[in-house]
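Below: one structure, written as structure tokens.
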Amino acid sequence: MKELLRTTDPLQLMRAQDVLRVDGIESYALDQHMSVLEGSIGVVPRRLMVADRDLFLAKAILRDHALDG
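Residue numbering for the sequence shown follows my numbering, starting at 116 and increasing by one per position.
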């Protein structure tokens, strides 16, 4: 697994997962439940992970949708 995106914006994370899913790339969001520890203020970035083999294509897809950071 490789990190594709790191963001504190939960909407950007969900949108990225949606566009990847449409193109058949499975992604995994990590650190989503850290808000319990941080008090729900959105300081801890959430990570979006993809399989190693999908990283190049996934980066291109996010770039095409202006979601690459």
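Ideal Cβ placement from N, Cα and C applies to all residues, glycine included.
Residues sharing a beta bridge with residue i, DSSP
i	result
T122	R161
CA-to-CA distance, residue j to residue i, given in whole angstroms
i	j	result
I176	R162	17 Å
R130	V137	11 Å
H180	V159	24 Å
L135	Y143	11 Å
E141	D124	20 Å
R178	M149	27 Å
L145	M164	7 Å
L128	G139	17 Å
Own chain residues within Cβ distance below 6 Å of residue i, not counting five before or after
i	result
L170	K117
Q147	R161
R121	P160 and R162
Other residues of its chain near residue i: CB distance less than 8 Å, five sequence neighbours each side excluded
i	result
K174	L119 and D183
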